[in-house]
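In my numbering, the protein residues as written are 8 to 64.
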């Protein structure tokens, strides 16, 4: 999805992680995002720009 349409992706951690005991570490989840989207501009799109456009803030 990231490679095909990063302009339509947003990040969600699924916090508070129902059904996971112990819950995953947020830093580990963000490291996965770094693997899936190694380009900093793409990560900014997913973490900042796309959510801002989606929620209009």
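The beta carbon of each residue, even a glycine, is placed where N, CA and C say it ideally should be. The structure displayed is predicted, hence computed values, not measured ones.
- Under the three-state reduction of DSSP output, residue 8 falls in the coil class, being neither helix nor strand.
- With a cutoff of 7 Å on beta-carbon distance, residue 43 and residue 9 are scored as near each other.
- Its Cα nearest to that of residue 20, the residue 33 stands out among 12, 26, 49 and 33.
- For residue 57, the enclosing alpha helix (DSSP H) begins and ends at 57-62.
- Exclusion of the five residues before and after residue 27 leaves no residue of its chain whose Cβ lies closer than 8 Å to its Cβ.
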